[in-house]
Amino acid sequence: MTRLTVDIREKRLAGRAVLGPVSFGLDAGEVVALVGPSGCGKSTLLRLVAGLDREVAGTVRWSGGASRLGVVFQQPRLLPWRTVRQNLDLAGAEGGEATRLLERLGLADKADIWASQLSLGMARRLALARALAVDAQALLLDEPFASLDEGNQRLARAVLAEHLVRRPVPTLLVTHDLAEAVALAHRVLVLSPGPARLLFDQAVPPGVRTDPALAAATVAALRDLAR
Amino acid sequence: MVSRGRAWLVRALSILVLLLLWEGAGRLAASPLAPPASAVLATLAREVASGALPHHVGITLARVAASFLLAMVAGTALGLAMGWWRTVDLWLDSALLLLLNLPALVLIVLLYVWFGLTEAAAIAAVALNKLPTTAVTVREGVRALDRDLLEMGHAFRFGRAATLRHVVLPQLQPYLFAATRSGLALIWKIVLVVELLGRSDGVGFQIQVYFQLFDVAHILAYSLAFILIIQIIEWAVFQPLERWATRWKAS
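Residue numbers (our numbering), protein chains in the order written: chain A, 891 to 1117; chain V, 8 to 258.
This is how it looks when you write it as structure tokens:
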């Protein structure tokens, strides 16, 4: 089973500290939301966890194998000169799963057009489909629902929730929306304004997904704590 | 905006006007050293019919193709390596600068002196003249690569070959086309010099022969034939190729 241990003392970029002390673990099948004000270093943290940046004082360790990650970046980062389907194939998507996700995310009729022709909303959904279709051992999602209209945001959240039920893998979800964090995550980590320190690490009570009142109360409680 | 059909008409007319001016000037000069368009075209037709022009043009084209291919492949590889690895860039930059500023003629003469008046020396001399500009252009392209897309490829474990083919080369395409266009124009001119100095066939050799005979009509006929062929390559090969490579940009 894949697990993640993060124990960062400090991360500097161009001489400036962008991350302070941040330590947390991510267990097999666990969904953890990273919440914090914009510019606090959430994306930097995600890049460190993804292994795209290794220069850090501290350790980021995967155990149990994380050779295949499903990543959603802040921008869609598609290859505009390849078709929607090729973008999935090149990332290593399983054919059947790719087709299913395209259908589910309302992109079935776009499979053979150039990625350059997608609207931003469609591109973001394709980026999510790409991360979910590669049979990843862990998911790293940086604001995966940003700049989607309300209907598509609901749809994309539902698709992610379904996916996590069918294939529970450790998932790090960066967001600035506490309601989104509570709706999807088992635990919520709240970061301070940059250079981010870990303010607190709070478990989401089981039952929030079926009890809207409890969800609202949890969001309110977290908001108070974060203040 | 000028419509497509009208643009073609204007283009055709401009060529016609040019030919008429040439014809008029040639007739006024009334000298074999400044033949009118009709005389040059007649010479061209005779040379084509005799088979001499197709023979020499074919040989020159083969040399152009060989040195062009060599310069593009080696120059692209060099540019990629220099853009990608700073150490490679530091090691090779001075040599590249030297080659870039070495006059074409010096390079040709040196290669002929060292390796004899051989086909290999001729083609190498032309390729070496073009190689540094290709490398510099491609290096610029590599430096302008989108880091975010490279990172995406890394995150999804694209591997070297797929990264090169699907992430890097599509971004280098405008740079490669720029190098190709300027390369073809440069190379065919240098090939003529190489032929003039050390080959016994090809358009450059023919021009030398007719230079000694002061036969301007033949010199112009051979030049005209080659200009036409290079333009046809542009229309029939490069432009369709570029349209194909950028088809994803069309709305």
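Don't be surprised by glycine CBs; every beta carbon is placed ideally from N, CA and C.
These numbers come from a predicted model, not from an experiment.
**Prompt:** Taking Cβ-Cβ distances shorter than 8 Å, what residues in chain A pair up with Arg-164(V)?
**Reply:** Listed by position along chain A, the residues whose Cβ is nearer than 8 Å to that of Arg-164(V) are Ser-957, Arg-958, Gly-982.
**Request:** Pull up the CB-CB distance for Glu-984(A) and Ala-1023(A), whole angstroms please, since I reckon it's below 8 Å.
**Result:** The C-beta distance from Glu-984(A) to Ala-1023(A) rounds to 6 Å, short enough to meet the 8 Å contact threshold.
**Request:** Please list the residues of the segment 142 to 165 of chain V that have a C-beta atom closer than 7 Å to any C-beta atom in chain A, keeping them in chain order.
**Result:** Those residues of the segment 142 to 165 of chain V placed with their C-beta closer than 7 Å to a C-beta in chain A are Asp-155, Leu-156, Glu-158, Met-159, His-161, Ala-162, Phe-163, Arg-164, Phe-165, ordered along the chain.
**Prompt:** Is Pro-1060(A) close to chain V, meaning its C-beta is less than 9 Å from at least one C-beta of that chain?
**Reply:** Residue-level contact check: Pro-1060(A) does not touch chain V, since none of the beta carbons of chain V fall below 9 Å from its beta carbon.
**Message:** Whether or not the segment 205 to 215 of chain V and the segment 58 to 69 of chain V are in contact is what I'm after, with contact meaning three or more pairs of Cβ atoms, one per stretch, closer than 8 Å; do they touch?
**Reply:** Short answer: they touch.
**Request:** Starting from Ser-928(A), follow the beta strand (DSSP E) in both directions and report where the run begins and ends.
**Result:** That residue, Ser-928(A), is in no beta strand (DSSP E); it is neither H nor E in DSSP.
**Message:** Is the beta carbon of Val-198(V) closer than 9 Å to that of Val-133(V)?
**Reply:** A contact, by the Cβ cut-off of 9 Å.
**Message:** Please report the distance separating the alpha-carbon of Asp-1032(A) from that of Gly-166(V).
**Reply:** A straight line joining the alpha-carbon of Asp-1032(A) with that of Gly-166(V) spans about 23 Å.
**Item:** DSSP beta-bridge partners of Ser-913(A)
**Value:** When DSSP reads this structure, Ser-913(A) sits in a beta bridge with Asp-897(A).
**Message:** If you measure between the beta carbons of Pro-1085(A) and Lys-932(A), is that distance less than 9 Å?
**Reply:** Their beta carbons are not under 9 Å apart, which means Pro-1085(A) does not touch Lys-932(A) by this criterion.
**Asked** Mapping DSSP to helix, strand and coil, what is Trp-971(A)?
**Response** Coil, per DSSP.
**Prompt:** Would you say Gln-1027(A) faces chain V, with C-beta separation under 9 Å as the test?
**Reply:** Contact of Gln-1027(A) with chain V is not assigned, every C-beta pair being separated by 9 Å or more.
**Asked** With a cut-off of 8 Å, do at least 3 Cβ pairs link the segment 1082 to 1102 of chain A to the segment 939 to 952 of chain A?
**Response** Under the 8 Å Cβ criterion, the segment 1082 to 1102 of chain A does not count as touching the segment 939 to 952 of chain A, having fewer than three qualifying pairs.
**Prompt:** Does the beta carbon of Leu-942(A) sit closer than 9 Å to a beta carbon anywhere in chain D?
**Reply:** Of the protein chains in this structure, namely A and V, none is chain D.
**Message:** Would you say Ala-998(A) lies against chain V (beta-carbon separation less than 9 Å)?
**Reply:** No - not a single Cβ of chain V is within 9 Å of the one on Ala-998(A).
**Asked** Ala-169(V) CB to nearest chain A CB: under 9 Å?
**Response** A Cβ of chain A is located within less than 9 Å of the beta carbon of Ala-169(V).
**Item:** Which residues DSSP lists as bridging Ala-1028(A), in chain order
**Value:** Beta-bridge analysis with DSSP links Ala-1028(A) to Leu-959(A).
**Minimum Cβ-Cβ distance from Arg-906(A) to chain V less than 9 Å** = No, its Cβ sits nowhere closer than 9 Å to a Cβ of chain V.
**Asked** Along the chain, which unbroken stretches of the alpha helix (DSSP H) at least 4 residues long are found entirely within the segment 12 to 63 of chain V?
**Response** Entirely contained in the segment 12 to 63 of chain V, the alpha helix (DSSP H) runs reaching 4 residues are, in chain order, 44 to 57.
**Asked** For Ala-1013(A), which residues of its own chain have a beta-carbon under 8 Å away from its beta-carbon, when the five flanking residues on both sides are left out?
**Response** Result list for Ala-1013(A): Pro-966, Leu-968, Ala-1005, in chain order.
**Prompt:** Where do the N-terminal and C-terminal ends of the beta strand (DSSP E) with Val-950(A) fall, by residue?
**Reply:** Per DSSP, Val-950(A) belongs to the beta strand (DSSP E) from 947 to 953.
**Request:** Verify the CB distance criterion: does Pro-181(V) have a CB-CB separation below 9 Å to chain A?
**Result:** No, its Cβ sits nowhere closer than 9 Å to a Cβ of chain A.
**Message:** Output needed for Leu-114(V): all residues of its chain with C-beta closer than 7 Å, excluding positions within five of it in sequence on either side, in chain order.
**Reply:** Listed in chain order, the non-local C-beta contacts of Leu-114(V) below 7 Å within the same chain comprise Ala-132, Leu-135, Asn-136, local neighbours out to five positions each way being set aside.
**Message:** Using only the alpha-carbon positions, how far apart do Trp-98(V) and Thr-144(V) sit?
**Reply:** Looking at the backbone, the Cα of Trp-98(V) and that of Thr-144(V) are separated by about 18 Å.
**Asked** In chain V, which residues lie less than 7 Å from Arg-972(A) when you measure between Cβ atoms?
**Response** Neighbours of Arg-972(A) on chain V, chain order: His-173.
**Asked** Taking Pro-181(V) as the reference, which of Asp-222(V), Ala-128(V), Glu-147(V), Pro-61(V) has the closest Cα?
**Response** Closest by C-alpha distance to Pro-181(V), out of Asp-222(V), Ala-128(V), Glu-147(V), Pro-61(V), is Glu-147(V).
**Prompt:** Excluding five sequence neighbours on each side, which residues of the same chain lie with their C-beta closer than 6 Å to the C-beta of Gln-215(V)?
**Reply:** Taken in chain order, the residues that qualify are Leu-203.
**Prompt:** Could one say the Cβ of Ala-1046(A) lies closer than 9 Å to chain V's Cβ atoms, at least one of them?
**Reply:** Taking Cβ atoms only, chain V never reaches closer than 9 Å to Ala-1046(A), which makes this a no.
**Request:** Sort Trp-971(A), Leu-903(A), Leu-959(A), Ile-898(A) by Cα distance to Ala-257(V) and report the nearest one.
**Result:** Nearest in C-alpha terms to Ala-257(V), of all of Trp-971(A), Leu-903(A), Leu-959(A), Ile-898(A), is Trp-971(A).
**Contacts around Asp-1039(A), its chain only, beta-carbon distance under 8 Å, and the 5 residues preceding and following it disregarded** = Here the set comprises Gly-1011.
**Prompt:** Can you name the residues of chain A whose CB is closer than 7 Å to the CB of Trp-2(V)?
**Reply:** Since the first residue shown for chain V is 8 and the last is 258, residue 2(V) is missing from the structure and cannot be characterised.
**Asked** Using DSSP with H/G/I as helix, E/B as strand and the rest coil, what is Gln-1092(A)?
**Response** Strand, per DSSP.
**Request:** Going by CA-CA distance only, name the one from Glu-1070(A), Ala-1001(A), Val-946(A) that's closest to Ala-904(A).
**Result:** Comparing Cα-Cα distances from Ala-904(A) to each of Glu-1070(A), Ala-1001(A), Val-946(A), the minimum goes to Val-946(A).
**Message:** Determine whether the beta carbon atoms of Pro-42(V) and Gly-31(V) lie at a separation below 9 Å.
**Reply:** Cβ distance not < 9 Å, so Pro-42(V) and Gly-31(V) don't count as in contact.
**Asked** Residues of chain A with a CB under 9 Å from the CB of Pro-177(V): which are they?
**Response** Under the 9 Å cutoff, chain A gives Leu-969, Pro-970, Trp-971, Arg-972.
**Request:** Flag Arg-1020(A) as yes if its beta-carbon sits less than 9 Å from any beta-carbon of chain V, otherwise no.
**Result:** With its beta carbon less than 9 Å from one in chain V, Arg-1020(A) belongs to the interface.
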